[in-house]
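Here is the structure we will look at, set down as structure tokens.
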């Protein structure tokens with residue numbers, strides 16, 4: 045069974061740009077959660093989707109948004125990028141929370 | 198506001214040693230606690246999940262305990278091996294537990310020397 049797939053794995057953007065990250069969950073998993081990992085703040089919860097509905101949201105500004113499609117694939121978007129948005133963005137899918145299966149992440153560098 | 202703390206931040210031990218990683222949380226009203234492992238540049242792998250009604254869970258050489266009243270959990274690794282070198286994170290979920298929202302500690306980076 046394929047694991048959680050995140051694309052792209054690495055990307056470099058400049059301040060003010062926007063970025064879209066994609067997450068394909070394990071087949072059959074309907075819940076997808078997103079986390080931001082930085083050296084200073086550690087792992088912080090961004091949002092969670094279940095059956096195309098946002099079920100939970102972390103304490104991040106409105107520049108961070110996400111969505112889930114009918115096939116459970118999820119995307120997150122960050123607009124007007126800031127230097128502090130440089131991080132590893134991790135997606136996790138779940139057959140039943142809180143059992144989470146993480147992808148390898150998308151590493152975003154903002155210059 | 199729930200806060201999760203892990204001590205020590207880093208640990209280096211010789212191969213074969215038994216070791217304990219510590220995790221503490223400020224609010225005892227947790228639904229469950231999980232221990233994860235993260236290899237450099239990789240995602241997280243769940244090691245053990247302890248429900249709030251449980252005291253411990255075991256998997257192979259790993260044993261995790263939970264004391265809700267004192268707000269503490271420990272991860273015991275027996276007979277450590279170089280392949281155990283990684284960052285270990287604990288995380289709690291609150292409320293009904295019906296959520297993918299976890300609150301993580303900063304992790305303990307373990308190095309096991311051959």
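Protein chains in written order, with the working numbering: chain S, 45 to 155; chain C, 198 to 311. Cβ atoms here follow ideal geometry from the backbone N, Cα and C, with glycine treated the same way. No experiment lies behind these values; they were computed from the predicted model shown.
- Message: Considering just the uninterrupted stretch of the beta strand (DSSP E) at residue 63 (chain S), what are its terminal residues?
- Response: 63 to 68
- With burial defined as no fewer than 16 other Cβ atoms inside 10 Å of the residue's Cβ, what is the status of residue 54 (chain S): buried or exposed? exposed
- Task: Tell me, please, whether the segment 84 to 104 of chain S touches the segment 52 to 67 of chain S by the rule of three or more beta-carbon pairs shorter than 8 Å.
- Result: no
- Task: Return the CA-CA distance between residue 222 (chain C) and residue 248 (chain C), expressed in angstroms with no decimal places.
- Result: 15 Å
- If you run the structure through DSSP and keep just helix, strand and coil, what is residue 127 (chain S)? helix
- Spell out the partners DSSP gives residue 281 (chain C) in its beta bridges. DSSP output for residue 281 (chain C) lists no bridge partner at all.
- Message: Can you give me the C-alpha to C-alpha distance between residue 132 (chain S) and residue 266 (chain C), rounded to a whole angstrom?
- Response: 34 Å
- Message: DSSP has residue 351 (chain C) in a bridge; who is on the other side?
- Response: Residue numbering for chain C in the displayed model covers 198 to 311; residue 351 (chain C) lies beyond these limits and cannot be assessed.
- Message: Just to confirm my understanding: we take residue 252 (chain C), look at its own chain, exclude 5 residues before and 5 after, and list those with CB closer than 8 Å. What are they?
- Response: 262, 263 and 264
- Query: Which residue's Cα is closest to the Cα of residue 69 (chain S): S:82, S:49 and S:111?
  - Reply: S:49
- Helix, strand or coil for residue 211 (chain C) per DSSP? strand
- For residue 281 (chain C), collect the residues of the same chain with a Cβ closer than 7 Å to its Cβ; drop the 5 residues on either side in sequence, then sort them by chain order. 274, 307 and 309
- For residue 96 (chain S), three-class secondary structure by DSSP: coil
- Item | Own chain, CB closer than 8 Å to residue 226 (chain C), minus 5 neighbours either side, in chain order | 291
- Query: For the ligand PLP, is there a heavy atom less than 7 Å away from the beta-carbon of residue 146 (chain S)?
  - Reply: With respect to the ligand PLP, the structure offers nothing, as it holds no ligand at all.
- Task: Answer with buried or exposed for residue 113 (chain S), where buried requires no fewer than 16 other C-beta atoms within 10 angstroms of its C-beta.
- Result: exposed
- Message: I need the boundaries of the beta strand (DSSP E) containing residue 143 (chain S), first residue and last residue.
- Response: 143 to 146
- Query: Are residue 129 (chain S) and residue 152 (chain S) closer than 8 Å when you measure CB to CB?
  - Reply: yes
- Query: In or out: residue 209 (chain C) buried (at least 16 other Cβ within 10 Å) or exposed?
  - Reply: exposed
- Item | Contacting positions in the segment 64 to 91 of chain S - beta carbon closer than 7 Å to chain C | 75, 77, 86, 87 and 89
- Query: If we count Cβ pairs, one from each stretch, closer than 8 Å, do we get three or more for the segment 72 to 82 of chain S versus the segment 134 to 141 of chain S?
  - Reply: yes
- Neighbouring residues, chain C, relative to residue 100 (chain S) (Cβ below 9 Å): 296, 297 and 298
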